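Chains as they are written, first to last, in the working numbering: chain E, 742 to 850; chain Y, 9 to 124.
Beta carbons are placed, not taken as given, at the ideal position from N, Cα and C, and that holds for glycine.
Given the structure is predicted, the values throughout are model-derived calculations rather than measurements.
To keep things clear, I will list the structure first and then write my remarks on it.
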Amino acid sequence: SQTIHQWPATLVQPVGSPLSLECTVEGTSNPNLYWYRQAAGRGLQLLFYSVGIGQISSEVPQNLSASRPQDRQFILSSKKLLLSDSGFYLCAWKGNGYTFGSGTRLTVV
Amino acid sequence: AQSVTQLDSHVSVSEGTPVLLRCNYSSSYSPSLFWYVQHPNKGLQLLLKYTSAATLVKGINGFEAEFKKSETSFHLTKPSAHMSDAAEYFCVVSDFYSGNTGKLIFGQGTTLQVKP
């Protein structure tokens with residue numbers, strides 16, 4: 742069966758520190774992968790999507806970047822976090838339907 | 009461009025009473041529509057989806073939604089609310105304009121409060 746793993750579940754980071762959130766998918770190959778963010782009191786916004794290894798599309802200009810070094814691995818990164826990067830980050834993949842990871846709650850202090 | 013509007017940011021019901029969460033969408037073509045639920049600090053769980061088959065869609069936990077093209081609506085209902093239904097609900101449309109990318113467009117979310 743297909744599963745999606747996302748970690749860590751919670752993270753508190755100081756302003757200016759780097760970030761790396763990882764998402765991996767099992768049980769499928771060449772999935773479409775997505776990073777979404779939910780800011781406090783707002784809906785989910787698509788940040789990045791990837792249709793294959795090394796292929797990244799950015800939806801909104803921001804302080805974050807994404808990479809897909811392997812077929813089933815999708816990484817969200819930042820070199821220097823801002824306070825506005827706080828939020829709930831969700832990784833998702835599209836198979837027959839959409840499957841979401843359990844999310845990472847990031848607080849930048 | 010496609011868009012989704014959830015008409016209520018917050019809905020409060022008593023346990024055992026009906027639930028109605030409203031959603032309107034904008035699309036030039038027949039969209040795929042979804043309702044997801046998010047419990048606190050948890051990921052998203054699919055409640056139901058519409059993909060151009062039957063207009064009345066039944067989902068998990070007693071929820072259902074009706075696709076009304078003439079009203080461009082996809083409201084979520086449940087006959088009797090349970091305390092465990094308290095969560096945030098998202099109406100979502102799939103973006104057909106993006107070819108194979110399958111991007112999802114989310115509404116702003118509706119927080120459902122269930123009072124004892």
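- Within chain E, the C-beta atoms nearer than 8 Å to that of residue 57 of chain Y come from 838, in chain order.
- For residue 793 of chain E, the closest Cβ of chain Y is not nearer than 8 Å.
- The segment 12 to 24 of chain Y and the segment 794 to 813 of chain E do not touch, with fewer than 3 CB-CB distances between them shorter than 8 Å.
- Per the coordinates, the alpha-carbon of residue 800 of chain E lies some 10 Å from the alpha-carbon of residue 776 of chain E.
- Residue-level contact check: residue 69 of chain Y does not touch chain E, since none of the beta carbons of chain E fall below 8 Å from its beta carbon.
- Bridge partners of residue 18 of chain Y according to DSSP: Y:119.
- For the segment 33 to 65 of chain Y, the residues whose beta carbon sits under 9 Å from a beta carbon of chain E are, in order, 42, 44, 46, 49, 50, 51, 52, 53, 54 and 57.
- Here the C-alpha atom of residue 831 of chain E lies approximately 9 Å from the C-alpha atom of residue 52 of chain Y.
- Spanning the alpha carbons of residue 786 of chain E and residue 22 of chain Y requires a straight line of approximately 31 Å.
- Pairing residue 71 of chain Y with residue 757 of chain E, the inter-Cα distance amounts to about 44 Å.
- At least 8 Å separates the CB of residue 823 of chain E from every CB of chain Y.
- Residue burial is scored here from C-beta neighbours: residue 845 of chain E has at least 16 other C-beta atoms within 10 angstroms and is therefore classed as buried.
- If you look at residue 761 of chain E, you'll find it in the beta strand (DSSP E) that goes 760 to 767.
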